[in-house]
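Protein chains in written order, with my numbering: chain A, 13 to 424; chain B, 13 to 424. Here a beta-carbon is modelled for each residue, glycine too, at the ideal position from N, C-alpha and C. All remarks here apply to the structure that follows.
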């Protein structure tokens, strides 16, 4: 079978998965979820015309020929309701957020006035009707849609939900994800150390990648290279919405996993992607489960999760943003590349006067997890590149540890 | 009191807070935490010299004058131990990851060979000693420090922890955070709608910002503008490691919060920062609690959390990366700015051929939370700028919703 391009394989995966239905969550537990209903305003905000500044509420006609002296008839604070009507020649002292009194149609900022006495103020600037007034409903109007279904619930969105007093609402359900490692060579977390075996890091690294998406995966353990045992494990895995099977580097994967998966009714969509690391990536579906056959190499399987599994899970959760944020970086050194496969190089980012600078995190062997642990991002080398030279620009996908940075990084 | 520069205020905050002690966590619950101990390798990886390729294990001296034909004495798969010693004129077929047999000192890739029969192969390329061999301990050596204390636990780090079978380990404790809203004008989530009141969105927006850092804050509720009630609430808040008090826009903040806080033994470090939105930001400490007095405006308080509270909390959790990731973006349109305060403009990011393009999210009034809900980031206008013109470059801090993006965004 041919090796698919990364984007073609991504498209096949994303065309195969969809949202899984909705559930109600409480506001306090909703961060990171995606709204499955649109949310309407339950009030006008501001509830009436309010002052946008500390100053004086005036009739704009009165101040056309400023400077002019006006009588102060009232003090209005935020939370107060005005009690007096501003007549010609009058004004009310007003605080930011306080309701505009009847009669007034504009606000003069305190810095454009000179208070003459307790009861009179000189206005030194003419303003138009509506100056420094926030109109009723300017922020939101009763019944107006303020958040569309499909909105990801960020802290700012939670602020809006609280503003319209949405104590609970519908969000897309999270997929249930199972993780299975396979291979006789694997040593489980609770097994004694055996130098002839390889510790099963994949179960936990994949678990963490799934947790980072807000999903608590179920760890099925290690299936040995035995068709009966493997079938039992895979049957269990096919009860979930998504099953991640990471194969060993040994015979197991190719000998047992594929035929057993197909025997259990999984329709395979592809088995090879033209990427490095990660090319023995497989994907298939049943009518209820999406199955990813991930490489046994720890780095390879993690890269496949970033490029294929995470976008699929995010789509299932209703997100429209499926891909890692990217930045452009100039290369600190040459990077070799053999034509043929898109390469995802583990890279660290620093900064110089021009912007980001990327350097690779030591050995790029797909067996060396430290390269991934140290990486700020995955630097992408296009398949047809003959290698990149120091100073060239490349695209870097930011990984979890790179959401924050060492320095504030802005000129204040 | 003077208005502090943002960076000066940040430094005061960060000099006032430190890590809070350590606790043990299980590997499965450790994502996002920070290691409080260094982690050593418990084994050599690979455990012996292994092949880095599928091919033939040879004596390099034998292939010096390639092409040469060698006798195949054994097949070694990953997980197998070799049983035969490679003598002069001999080789063993070997799979990636399989142990190098005694006698052999190099691997020839299968593509540099021509198999002649079941028992003989022609080697067409000379290689040096060590070719395509991963040496014992190349990945990690027993006793060697593989992760330093202070490392943030990302999925890649969890892979390393699983590799060395660290089932539990010491991490820095998370701060306990309390959130208090103040002001008569506030309407609680469970109160009936009153058009004369403002819904208390701050409690929930701040909650979500703290949750996004991996901390479950305690919501103290709304303290009214009454010195006795306020004191009770503040006393409760001062039992936590961090107390966030958001004031109303009304008299409450300035009349009661500051004197009550000081009466309760909080030593105030500053009360004003030269930023917009957010300038009435206060910060103080007791011997156990860091207290942030946040503006009542929803956007202002969220910006203050991003710039001051989040870095402080991350430092308390042992992180070395305290600040939001920044990217440079060119402006889609002019942005006005009055000299004097550093401005944090809510901005959306798109992309053109040159890179990121930023545009503001509608009205920048600090009362309009929708601007924050729609923002990908905070675009920073330096205090002394006279305004930015379309096409100029500016720095944008990426917010939570911008960790992922719409498109893959790389050339494959």
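- Along the region 404-421 of chain B, the positions whose C-beta sits under 8 Å from a C-beta of chain A are 407, 409, 410, 411, 412, 413, 414, 415, 416, 417, 418, 419, 420 and 421, read in chain order.
- The CB of residue 63/A never comes closer than 9 Å to any CB in chain B; the least such distance is about 11 Å.
- Scanning chain B for C-beta atoms nearer than 7 Å to the C-beta of residue 175/A yields 211, 213 and 381, reported in chain order.
- Interface annotation, residue 50/A: not in contact with chain B, CB-CB separation never under 8 Å.
- Within the region 53-82 of chain B, no run of alpha helix (DSSP H) at least 4 residues long lies entirely inside it.
- Residue contact check for residue 216/B against chain A: a CB pair falls below 8 Å.
- Burial check for residue 336/B: the Cβ neighbour count within 10 Å reaches 16 or more, so the residue is buried.
- In the three-state DSSP reduction, residue 161/A falls in the coil class, being neither helix nor strand.
- Against residue 220/B, the close residues of chain A are 43, 167 and 170, in the order they occur along the chain (beta-carbon pairs closer than 7 Å).
- Taking 8 Å as the cut-off between beta carbons, the residues of the region 18-30 of chain B near chain A are 18, 19 and 22, in sequence order.
- Think of a sphere of 9 Å around the beta carbon of residue 158/B: the chain A residues whose beta carbon falls inside it are 382 and 385, in chain order.
- Under the Cβ criterion of 8 Å, residue 360/B is not counted among the residues facing chain A.
- Scanning its chain for C-beta atoms nearer than 6 Å, with the 5 sequence neighbours on each side dropped, one finds around residue 60/A the residues 111 and 148, in chain order.
- The region 246-261 of chain B makes contact with the region 309-326 of chain B; the number of CB pairs closer than 8 Å reaches 3 or more.
- In this structure, the beta-carbon distance from residue 16/A to residue 270/A does not fall below 8 Å.
- Neighbours of residue 205/B in chain A, taken as residues at a C-beta separation under 8 Å, are given in chain order as 54, 55 and 177.
- Counting C-beta pairs closer than 8 Å gives fewer than three between the region 228-239 of chain A and the region 188-195 of chain B, which falls short of the contact rule.
- In the structure shown, the three-state DSSP call for residue 168/A is helix.
- Neighbours of residue 423/B in chain A, taken as residues at a C-beta separation under 8 Å, are given in chain order as 392, 394 and 407.
- Take residue 321/B, set aside five residues on each side of it, and the residues of its chain with a beta-carbon closer than 6 Å to its own are 304, in chain order.
- Judged by pairs of C-beta atoms under 8 Å, the region 389-396 of chain A does not touch the region 167-187 of chain B, as fewer than three such pairs exist.
- By the criterion of a C-beta distance shorter than 8 Å, residue 140/A is surrounded in its chain by 72 and 118, once the five residues flanking it on both sides are discounted.
- Under the three-state reduction of DSSP output, residue 140/A falls in the coil class, being neither helix nor strand.
- For residue 335/B, the chain A residues whose Cβ falls inside 8 Å of its Cβ are 416, 417, 418, 419, 420 and 421, in order along the chain.
- Residue 372/B is outside the set of residues whose beta carbon lies under 8 Å from a beta carbon in chain A.
- Taking the beta carbon of residue 59/A as reference, the chain B residues within 8 Å of it are 207 and 208, listed in sequence order.
- The three-state secondary structure of residue 24/A, taken from DSSP, is helix.
- Excluding its 5 nearest sequence neighbours in each direction, residue 227/A has C-beta neighbours in its own chain below 6 Å: 186 and 189, listed in chain order.
- Here residue 247/A has 276 as same chain residues with Cβ atoms under 8 Å from its own Cβ, once five neighbours each way along the sequence are excluded.
- For residue 250/A, there are no neighbours in chain B by C-beta distance under 7 Å, as the nearest C-beta there is about 23 Å away.
- The residue among 94/B, 125/B, 204/B and 58/B with its C-alpha nearest the C-alpha of residue 78/B is 125/B.
- In chain order, 340 make up the part of chain B whose C-beta sits under 7 Å from the C-beta of residue 367/A.
- For residue 214/B, the three-state secondary structure derived from DSSP is helix.
- The closest CA to that of residue 406/B, considering only 374/B, 358/B, 416/B and 375/B, is found on 358/B.
- In this structure residue 146/B touches residue 62/B by the C-beta definition: roughly 5 Å separates them, less than 8 Å.
- One finds 91 in chain B with Cβ atoms closer than 9 Å to the Cβ of residue 196/A, taken in chain order.
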